[in-house]
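Participant: Next up is a structure, given as structure tokens.
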Amino acid sequence: MDFAPALIDDSVLPASQSGRWCVAFSGGLDSTVLLHALHRRQRLTGVPGQLQALHVHHGLQAAADDWVRHCMEQAAHLDIPLQVLRVDVAPHDAAGPEAAARYARYQALQSAMQPGDVLVTAHHLDDQAETFLMRALRGAGTRGLAAMSALQPCSPGWLWRPLLAFDRPALARYAASERLGWVDDPHNQHPRYERSWLRTQVMPLLHQRWPSAARSLARSAHWSADSRSLLDELARIDDATCNRGERTLDCAALAALSPARRANLLRMRIEQAGLPTPPHRAIEQIDSLLSAADDAQPLLTWPGAELRRYRSQLWLLSPLPPEPSDWSSTWDGTGSLALPEGCGALEAPADAVPRSLCVRFARGGEKIKARPDGPHRSLKNLYQEQGVPPWRRRRTPLVFEAGELRWVGALSGMGGADSLYQRLRWKTDGDSETDVVSGPDL
């Protein structure tokens, strides 16, 4: 299939999109064709909107400064503003140089976006085929084999890949017909890198035997994406039965699902929680958490995530910080007080009057009046009554006044009629505003 600007399909873009089209412009063949074609299409169709070129300077090549000058000249010729983003790539990143450069690149590109912008990249059909094959060789499931989608959320806007239907030869023919100039990155041909080795050593052999290999692999990625959509739809149906909160699931409802449906739902909820994808072994071990005794506190971990069970619920969590049992601080009850790492902060109401308070964490044996006219009760019993998970109890801030425990971050109804304790807020680290808790409103 030949490429032409008129063939770019922007119907996938949300109707409400009104920001800039920010083109990731390396100066190579693919992004040069993309920038030129979008500019041409805009002129021919009169489509409103602003094009913005973004060039990431990795500093990994001696010619990097020359590439910047080339991109500036090309963008100026098209009268398109260019922003150069300089990044530092960790030379010995554990994920490998390719992954480190890709992460730094996308971080820089996203930082240059404004709300509503669309980041446009020049990934094409051959890139899609390579991505599918690499993920298949790593044993990816349906989600991984779906490879790259044409449109996906990319905070604070969207990521759009309009060239996925066109192969590299088609882009090269367009570049030749328009007499475009571009730069070549030798890294793209270096067999040291996985994708480059696949591109230069494996794909040519596949094309010798199967001339349509790239298009067939890309088609398989498309079918995998369709399958993923169906699995996501099924997961949402199952979630309606199993959901018990933003990061909690009902163990009995989970256990009633088939293993495949259970794994499918867990993958979706783990992704929604912003946690790393679990390895296959972790999914296989979920059954041990669901079948554990009611008084057990089983734990399943993988890098960057924890699954814990308490009573009848499964909790999806980030790794917990160490218990800050020895930490304490004086506080006047105004403004905010930063707690130990991973434990968040306390925020007082704006009209709070200074007083002498002590903030610390549980050490055992604490008691508090659950009602102003009631007896002192043990914190342990109150935690059990209100279903506070054990791992949260010693990471919950306690506020003392005149030596008496007056407020507990994870309990509701504490503090009586005192205005400060009624409106004191505990904001947990890394969580949304919905995870801000206060004494009477938990």
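Using the numbering used here, the first residue of the sequence shown is number 26, and each one after it goes up by one.
Each residue gets a CB set at the ideal place from its N, CA and C atoms; glycine is no exception.
Looking at C-alpha atoms only, which residue of W185, P303, S174, R204 is the closest neighbour of W248?
Facilitator: Comparing Cα-Cα distances from W248 to each of W185, P303, S174, R204, the minimum goes to S174.
Participant: Is R448 near P379, with beta carbons less than 7 Å apart?
Facilitator: Their beta carbons are not under 7 Å apart, which means R448 does not touch P379 by this criterion.
Participant: In whole angstroms, what is the alpha-carbon distance linking Q86 and L242?
Facilitator: Approximately 32 Å between the Cα atoms of the pair.
Participant: Specify the secondary structure class of R333 as computed by DSSP and reduced to three states.
Facilitator: DSSP places R333 in strand when its eight states are reduced to three.
Participant: What span of residues does the alpha helix (DSSP H) with T359 cover, start to end?
Facilitator: It is not in any alpha helix (DSSP H) - T359 carries neither H nor E in the DSSP assignment.
Participant: Using 10 angstroms around the beta-carbon of D27, count the other beta-carbons present and answer buried if the total reaches 16, otherwise exposed.
Facilitator: Exposed.
Participant: Quick check: what's the CA-CA separation for Y199 versus S252?
Facilitator: Going from the Cα of Y199 to the Cα of S252 covers about 34 Å.
Participant: By Cβ distance, which residues of its chain are closer than 6 Å to T421, with the 5 residues on each side in sequence left out?
Facilitator: Contacts found: G434, A435.
Participant: Per the contact definition of three or more C-beta pairs closer than 8 Å, is the region 135-147 in contact with the region 88-105?
Facilitator: Touching, no, given that fewer than three Cβ pairs across the two stretches are closer than 8 Å.
Participant: Taking DSSP as the reference, what is the three-state secondary structure of V145?
Facilitator: DSSP places V145 in strand when its eight states are reduced to three.
Participant: When DSSP builds the beta bridges, which residues end up paired with F425?
Facilitator: For F425, which the question treats as bridged, DSSP gives the partners C383, L430.
Participant: Check whether the Cβ of V37 lies closer than 6 Å to any heavy atom of the ligand PLP, and answer yes or no.
Facilitator: The ligand PLP is absent from the structure shown, which contains no ligands of any kind.
Participant: Starting from the Cα of Q139, find the closest Cα among V37, I262, A126, L79 and give me that residue.
Facilitator: The shortest Cα separation from Q139 among V37, I262, A126, L79 belongs to L79.
Participant: State the Cα-Cα distance for the pair L231 and T57, rounded to the nearest angstrom.
Facilitator: Using only the alpha carbons, I get a separation of about 27 Å.
Participant: Can you name the residues that DSSP bridges to W46?
Facilitator: Paired residue(s): L76, V143.
Participant: Quick one: give me the first and last residue of the beta strand (DSSP E) that P229 is part of.
Facilitator: Counting along the chain, P229 falls outside any beta strand (DSSP E), though it belongs to the alpha helix (DSSP H) covering 228-234.
Participant: Assuming G52 is part of the beta strand (DSSP E), what are its boundary residues?
Facilitator: From DSSP, G52 is part of no beta strand (DSSP E); its letter is neither H nor E.
Participant: Tell me, please, which residues DSSP counts as bridged to T453.
Facilitator: DSSP output for T453 lists no bridge partner at all.
Participant: Can you tell me where the beta strand (DSSP E) holding W92 begins and where it ends?
Facilitator: Premise fails: W92 lies in the alpha helix (DSSP H), 89-102, not in any beta strand (DSSP E).
Participant: Put I393 into one of helix, strand or coil per three-state DSSP.
Facilitator: Strand at I393.
Participant: With DSSP as the reference, label T167 as helix, strand or coil.
Facilitator: Looking at T167 - three-state DSSP - the assignment turns out to be helix.
Participant: To the nearest angstrom, how far is it from the Cα of R45 to the Cα of L184?
Facilitator: Each residue's Cα considered, the two are about 12 Å apart.
Participant: Does H83 come out as helix, strand or coil in the three-state DSSP assignment?
Facilitator: Coil at H83, not helix or strand.
Participant: Figure out for me which residue from A125, G299, L423, L279 has the closest Cα to the Cα of Y218.
Facilitator: The shortest Cα separation from Y218 among A125, G299, L423, L279 belongs to A125.
Participant: So which of A298, P303, L259, R294 has the shortest CA-CA distance to S283?
Facilitator: For S283, the nearest C-alpha among the options comes from L259.
Participant: Could you compute how far the alpha carbon of G358 sits from the alpha carbon of C179?
Facilitator: Cα to Cα, the separation comes out at about 39 Å.
Participant: Does the region 63-72 touch the region 148-166, meaning 3 or more C-beta pairs lie closer than 8 Å?
Facilitator: Output reads no: the region 63-72 does not touch the region 148-166.
Participant: Just reading off the beta strand (DSSP E) that H401 is part of, what are its end residues?
Facilitator: Note, H401: beta strand (DSSP E), 401-403.
Participant: Would you decide whether D209 is buried or exposed? Buried here means 16 or more other CB atoms lie within 10 Å of its CB.
Facilitator: So D209 counts as exposed.
Participant: Residues in the same chain with beta-carbon distance under 7 Å from V114, minus the five sequence neighbours each way, listed in chain order, please.
Facilitator: Same-chain partners within the cutoff: H83, L85, A125, A126, A129.
Participant: Determine the DSSP secondary structure at D351, reduced to helix, strand or coil.
Facilitator: In the structure shown, D351 sits in coil (DSSP, three-state: anything other than H, G, I, E or B).
Participant: Taking the alpha carbon of F8 as the reference point, which residue from A161, K394, P347 has its own alpha carbon closest?
Facilitator: Residue 8 lies beyond the stretch modelled for the chain, which goes from 26 to 467, so this question has no answer here.
Participant: Taking only runs that begin and end inside the region 281-343, name each unbroken beta strand (DSSP E) of 3 or more residues, in chain order.
Facilitator: Runs of the beta strand (DSSP E) inside the region 281-343: 324-327, 330-335, 338-342.
Participant: Please tell me whether L6 and N289 are closer than 7 Å, where the distance is taken between their beta carbons.
Facilitator: The question about residue 6 has no answer, for the chain in this structure spans 26 to 467.
Participant: Out of G329, P304, P301, R333, state which residue places its alpha-carbon closest to the alpha-carbon of S313.
Facilitator: Nearest C-alpha to S313: R333.
Participant: For C276, which three-state DSSP category applies?
Facilitator: Helix, per DSSP.
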